[in-house]
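*Asks:*
Residue numbers (the UniProt record's numbering): 1 to 121.
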């Protein structure tokens, strides 16, 4: 029986998108996929791209609770690494904003009315 082994050729790291790639896709009218965009941001973060992840999450933080959560995560991690009281206080406020944004107190119907309401120009 052959031993199951893994080589570096078995797993390849996917090509990382840049914030410009994500922004161009969003500006071209493609549907806003917050899950895909958040996954891209987390991938950037895990590959030592704090600035890129911060820029991505900051730009789209008001689009969905998921993007706001990513923004608060990156901001909190940077504040934690800095050990500065002021940044930690600001990170706490942002985490509280995220908690409010993720709150289910609005109810199911209100959520969908807000989500799918036509924007007035």
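A virtual CB, placed ideally from N, CA and C, is assigned to each residue, including glycine.
Measure the CB-CB distance between residue 35 and residue 50 and report whether it falls below 8 Å.
*Replies:* As a working mapping, residue 35 is identified with position 35 in the chain shown. As a working mapping, residue 50 is identified with position 50 in the chain shown. Contact flag unset, no.
*Asks:* Going by C-alpha to C-alpha distance, which of 80, 78, 33 and 57 sits closest to residue 98?
*Replies:* For the purposes of this step, residue 98 is identified with residue 98 of the chain shown, where counting begins at 1. Per the Cα distances, 57.
*Asks:* What are the uninterrupted segments assigned as alpha helix (DSSP H) that are 4 or more residues long and contained completely in the segment 32-95, given in chain order?
*Replies:* Here the runs fully enclosed are 34-46, 50-59 and 65-82.
*Asks:* Tell me which residues share the same chain as residue 38 and place their Cβ nearer than 7 Å to its Cβ, disregarding the 5 neighbours each side in the sequence.
*Replies:* As a position in the chain shown, residue 38 is number 38, starting the count at 1. Only 66, 67 and 70 meet the Cβ criterion.
*Asks:* Whole angstroms is fine: what's the gap from residue 87's alpha carbon to residue 117's?
*Replies:* Within the chain shown, residue 87 is the residue found at index 87, counting from 1. Within the chain shown, residue 117 is the residue found at index 117, counting from 1. Rounded to the nearest angstrom, the two C-alpha atoms are 36 Å apart.
*Asks:* Give the C-beta separation of residue 53 and residue 45 to the nearest angstrom, bearing in mind that I take them to be a contact with Cβ-Cβ under 8 Å.
*Replies:* Locating residue 53 in the chain shown gives position 53, counting from the first residue. Locating residue 45 in the chain shown gives position 45, counting from the first residue. That pair is a contact at about 4 Å.
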